[in-house]
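Q:
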Amino acid sequence: MEFQNILTQTEGAIQTITINRPKQLNALNKQTIEELSTAFKAAEANGSVRVIIVTGTGDKAFVAGADIKEFANFSVEQGAELAQKGQDTLFNLVERLKTPVIAAVNGFALGGGLELAMSAHIRICSSNAKMGLPEVSLGVIPGYGGTQRLPQLIGKGRANELVFSAQMIDGNRAEQIGLVNHCVEPEALMETANKLATKISRNSPSAIGFAIEAINAGFEAGTNGYDTEIRSFGKSFGTDDFKEGTTAFIEKRKPSFTGK
Ligand code: DAK
Numbered sequence: 035m036e037f038q039n040i041l042t043q044t045e046g047a048i049q050t051i052t053i054n055r056p057k058q059l060n061a062l063n064k065q066t067i068e069e070l071s072t073a074f075k076a077a078e079a080n081g082s083v084r085v086i087i088v089t090g091t092g093d094k095a096f097v098a099g100a101d102i103k104e105f106a107n108f109s110v111e112q113g114a115e116l117a118q119k120g121q122d123t124l125f126n127l128v129e130r131l132k133t134p135v136i137a138a139v140n141g142f143a144l145g146g147g148l149e150l151a152m153s154a155h156i157r158i159c160s161s162n163a164k165m166g167l168p169e170v171s172l173g174v175i176p177g178y179g180g181t182q183r184l185p186q187l188i189g190k191g192r193a194n195e196l197v198f199s200a201q202m203i204d205g206n207r208a209e210q211i212g213l214v215n216h217c218v219e220p221e222a223l224m225e226t227a228n229k230l231a232t233k234i235s236r237n238s239p240s241a242i243g244f245a246i247e248a249i250n251a252g253f254e255a256g257t258n259g260y261d262t263e264i265r266s267f268g269k270s271f272g273t274d275d276f277k278e279g280t281t282a283f284i285e286k287r288k289p290s291f292t293g294k
């Protein structure tokens, strides 16, 4: 697949998607959002990709936000329409993928950049990361799910403070408050993400997909997460992965999962 603003690289079961607009600090313009959407869908459809890592080119920025030059002249209608479209095309899509996504946050993750990282299932950042939702300093609010996912991750009070103050926090603070799972030195970022991805890739893809569905269900209005868990738990008994996992245990060998 030909992309202009992103790079994809697959090694074994791990696909790395790199946002590649370094001159604009990897800001998300419309085309980049569309390319990311296409790449994530393709990775999910590719049965051999078991974990996706998303990161940004260089060590200065993961993503410095939505492309300010592009949305500066939007009207009320365009704003709402594009927020809906963006959430469907990329941010909700990522959160709902059955293939786990790890965001490897190198440098600035601001606005739409942090919102993308928060849509991922797991976040690892480098100690030089700078994260925040500065939208209110531009006269808008976070429009790609930030007002919902930030309080889910760090609690309402802390989210209120970050959003209202538009302040940035560094990687260590982000780890302290649970915004990221791990904060590591910049040179260890990709290695740490890859190690975790490798660990995840050895487990049952179908069970991980069911787990993502059940965990997400608990955060969806009008959905009972416990009911989803019961249904998905039942479904997992019908998979080849379940047969393989239990047989391998009994035979005292490592399982070889197919994801079916
Ligand atoms: N958009 C476009 N270009 C950006 C950018 C951005 N978000 N961030 C940086 N750049 C560009 C700069 O304009 C500059 O380009 P040139 O002037 O050289 O052509 C280049 O990247 C390098 O940036 P700086 O020269 O500013 O680099 P510094 O090291 O001095 O500063 C910085 C780094 C990250 C502190 C600074 O660049 C900065 O404050 N950037 C903006 C951060 C920000 O406010 N991001 C936007 C957050 S709001 C929507 C839904 C959601 C959203 C919008 C619309 N709809 C549904 C419509 C979300 C909005 C946001 O993300």
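Residues are numbered in this note's numbering as their position in the sequence shown, beginning at 1, plus a constant of 34.
Beta carbons: idealized from backbone N, C-alpha and C, even for Gly.
1. One question on the structure: do ILE156 and PRO134 come within less than 9 Å of each other, judged by their Cβ atoms?
2. Among all the DSSP beta bridges, which residues are the ones paired with ARG157?
3. In this structure, how does DSSP classify VAL88 when only helix, strand and coil are distinguished?
4. To which residues does DSSP link LYS288 through a beta bridge?
5. Put MET202 into one of helix, strand or coil per three-state DSSP.
6. Assign VAL214 to one of three DSSP states: helix, strand, or coil.
7. Kindly indicate which residue of LYS277, ASN228, ARG287 and THR273 has the alpha-carbon position closest to the one of ILE86.
8. Using the C-alpha atoms, what's the distance from LYS277 back to THR292?
9. Let's test the definition: count the other Cβ atoms within 10 Å of the Cβ of TYR260 and tell me whether it reaches 16, buried, or not, exposed.
10. Compare the beta carbon distance of ASN18 and GLY92 with 9 Å and say whether it is the shorter of the two.
11. Going by the DSSP bridge assignment, what does VAL97 pair with across the sheet?
12. Specify, as a first and last residue, the run of the alpha helix (DSSP H) that GLU247 falls within.
13. For MET35, which of ALA77, GLY141, ALA248 and ALA47 has the nearest alpha-carbon?
14. If we count the other Cβ atoms within 10 Å of its Cβ and call it buried at 16 or more, is LEU150 buried or exposed?
15. Please check the pair ILE188 and ILE158, which I expect to be a contact at CB under 8 Å, by giving their CB distance rounded to whole angstroms.
16. Decide yes or no for the touch test of the region 67 to 75 against the region 192 to 200: beta carbon pairs closer than 8 Å, at least 3 of them.
17. Beta carbon of ALA163: closer than 8 Å to some heavy atom of the ligand DAK?
18. May I have the straight-line CA-CA distance separating GLU45 from ALA100, to the nearest angstrom?
19. Using a Cβ-Cβ cutoff of less than 6 Å, which residues in the same chain neighbour ALA84 once the five nearest sequence positions on both sides are dropped?
20. Take the Cβ of ASN206 as the centre, count every other Cβ of all protein chains shown within 10 Å, and call the residue buried at 16 or more, exposed below.
21. By the three-class DSSP mapping on this structure, what secondary structure does GLN11 have?
22. With DSSP collapsed to three states, give me the class of LEU23.
23. State yes or no: is the C-beta of PHE147 nearer than 8 Å to some heavy atom of the ligand DAK?
24. Assuming the contact rule is C-beta atoms closer than 8 Å, GLY179 and PHE125 should be a hit. Round their C-beta distance to whole Å, please.
A: Short version:
1. yes
2. ALA137
3. strand
4. According to DSSP, LYS288 bridges with nothing at all.
5. coil
6. coil
7. ASN228
8. 11 Å
9. exposed
10. Outside the modelled stretch of the chain, which goes from 35 to 294, sits residue 18, for which no answer is possible.
11. ALA143
12. 239 to 251
13. ALA77
14. buried
15. Not quite, the Cβ-Cβ distance comes to about 16 Å (not below 8 Å), so this is no contact.
16. no
17. no
18. 29 Å
19. Strictly speaking, residue 84 in this sequence is Arg, with Ala absent from that position. Cβ neighbours of ARG84 beyond the five flanking positions: ALA47, SER235 and PRO239.
20. exposed
21. The question about residue 11 has no answer here: the residues shown for the chain are numbered 35 through 294.
22. In this structure the chain extends from 35 to 294, so residue 23 is not present and cannot be described.
23. Position check: residue 147 holds Gly in this sequence, whereas Phe was assumed. Checking every heavy atom of the ligand DAK against the Cβ of GLY147, one is found closer than 8 Å.
24. 5 Å
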